[in-house]
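Below you'll find the structure, written out as structure tokens, and then a few comments.
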Amino acid sequence: MSSVSASRLLEWFKKNGGSVHENLALTFSSEYGYLFTADKSLEKEATACVCPFSLTLSYLNCLPSPPTGIESHAESSVCSSLIGKLKPNAVGTFLLAEQRTKGAESFWFPYIDALPREEVLTTPLWFHPEDLVWLWGTNLYSKTVPSEQTAVELRRAMYKEAWQSGITVLQEKGVDATKFTWELCLWAATIFSSRSFTSNIATQNADESFPLLYPVIDIFNHRFGEKVFWNMEKGTFRLELPEGAPTGEQVFNNYAPKGNEELLMGYGFCIENNPCDQLVLRLAKPPGVVHLGLKSSMPSHFKSETWSVEESGFYVRGRNHYAGAYANQSGLECLRGVQPELVSALRIMVAFSFESSYTDPKHQQAELWWATLDALSMRLQQKRDAITQWDGMLPATPQNRRQAFAKIYRDSQLRILNEVIEELDTVLGPLDREETTIFDVFL
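According to the working numbering, the sequence shown is numbered sequentially starting from 94.
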């Protein structure tokens, strides 16, 4: 965004009912890009910014009879023919792409002209091969599956399928769809993923959730813990600051707790020493009889008949997580960073192939606990090895912003793994060295 684009954006915003606190200035930094800083302090309960519902961009603008406050572009936009054919989020993507091609003729031109372009986007969908190396072995780019099955490529495929479906619908309607290139629509999808707000905060329609772009409100960067209040009235977004803001400081928004994996995939950045970061550990699909046992013992977690991605993933967190330790019924301090459901699932899985060397039930349970912790540690070490085996492929330092963010994500995942493995080793180490017994630890 050039200074001309920034000035034009604010002029358009205010002309159409938006407002920015008079003490806020739109500035630029190499770390954050464009941001708002306080030229003078803002009082408590200050309203930092107000974006009218009428300035939002979403699939609502393609409806012939949109909600009050939204202007219908159904007659002027070819995207109206996508209503009912594509999901609302995909319709919004096509609308943004179309409005960009209209240039200055678009109502949203000052906003769209100020949006980041393809060359500066930093979500993994815009990574070059040399950038992706920094993600190898992580949950975002596993090297144990074909590349098309990695999280990054599955997300790309999802967007591409929606794009292809939209092109087909437009062509069937006799529309020349050549302007809707794949790269343009991928750009639009990325803008929505990185800058939009969910309709749940703006409308009372509980049937379907979809993303909306709120111009200028989306310039306020995210910082966890920042005290802000989202005042929504009939779709109009008021960003309020309960404690005000001091002179010279950046004014942030707060998008709620988000780990680096979510931030990188959706928003294109990561936070160093992120207090909300965690790691998802996925368990491999077990034999059918074991899956049935899991469904029987943990029906609230294992609900599907198949081994779904959602059900196979469990959270692991480091020592400095803002939520503190997990509560676990075992009372073992070494499990403070492990989601209790993961421990329960592993214990059930281990039990199916477990043969105790004891006859006393209490002794058998103690030995089963040992085997469960050992299985957990082994899986965590395998996850760590899957990432670190590619260390030799990495340059000494990141060469661009994409790699810098990927390094933050990668390093944080390894830190979490190392911390939890070390905590498990406080129990497993002495047992392996026969410095203590399972009866001392688990009974």
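All residues carry an ideal CB built from backbone N, CA and C; glycine is no exception. Quick caveat, the model's predicted, so the values are computed rather than measured.
For residue i, which of the options has the nearest alpha-carbon?
i, options, result
"residue 313", "287, 328, 296", "287"
"residue 487", "104, 246, 503", "503"
"residue 190", "485, 272, 426", "272"
"residue 407", "373, 240, 392", "373"
"residue 276", "414, 348, 303, 256", "256"
"residue 306", "463, 319, 153, 168", "153"
"residue 233", "533, 359, 464", "359"
"residue 248", "355, 532, 461, 165", "355"
"residue 474", "378, 120, 513", "513"
"residue 302", "151, 480, 134, 489", "151"
"residue 166", "366, 194, 263, 199", "199"
Put residue i into one of helix, strand or coil per three-state DSSP.
i, result
"residue 268", "coil"
"residue 408", "strand"
"residue 336", "coil"
"residue 324", "strand"
"residue 364", "coil"
"residue 196", "helix"
"residue 305", "strand"
"residue 293", "helix"
"residue 343", "strand"
"residue 313", "coil"
"residue 243", "coil"
"residue 534", "helix"
"residue 252", "helix"
"residue 261", "helix"
"residue 330", "strand"
"residue 233", "coil"
"residue 113", "strand"
"residue 524", "helix"
"residue 501", "helix"
What residue range does the alpha helix (DSSP H) around residue i cover?
i, result
"residue 387", "381-390"
"residue 481", "454-481"
"residue 443", "433-445"
"residue 103", "96-108"
"residue 279", "275-288"
"residue 204", "202-207"
"residue 492", "Element bounds for residue 492: n/a, residue is neither H nor E."
"residue 223", "222-225"
Measure the Cβ-Cβ separation of residue i and residue j and say whether it is below 8 Å.
i, j, result
"residue 228", "residue 217", "yes"
"residue 322", "residue 333", "yes"
"residue 468", "residue 436", "no"
"residue 433", "residue 420", "yes"
"residue 519", "residue 427", "yes"
"residue 376", "residue 401", "no"
"residue 361", "residue 214", "yes"
"residue 162", "residue 187", "no"
"residue 203", "residue 101", "yes"
"residue 344", "residue 130", "yes"
"residue 494", "residue 220", "no"
"residue 317", "residue 347", "yes"
"residue 409", "residue 383", "no"
"residue 505", "residue 367", "yes"
"residue 440", "residue 143", "no"
Which residues mark the beginning and the end of the beta strand (DSSP E) in which residue i is found?
i, result
"residue 143", "139-144"
"residue 126", "126-131"
"residue 121", "117-122"
"residue 374", "372-375"
Would you say residue i lies against chain C (beta-carbon separation less than 8 Å)?
i, result
"residue 158", "Protein chain content of the structure displayed is limited to a single chain, and chain C is not contained in it."
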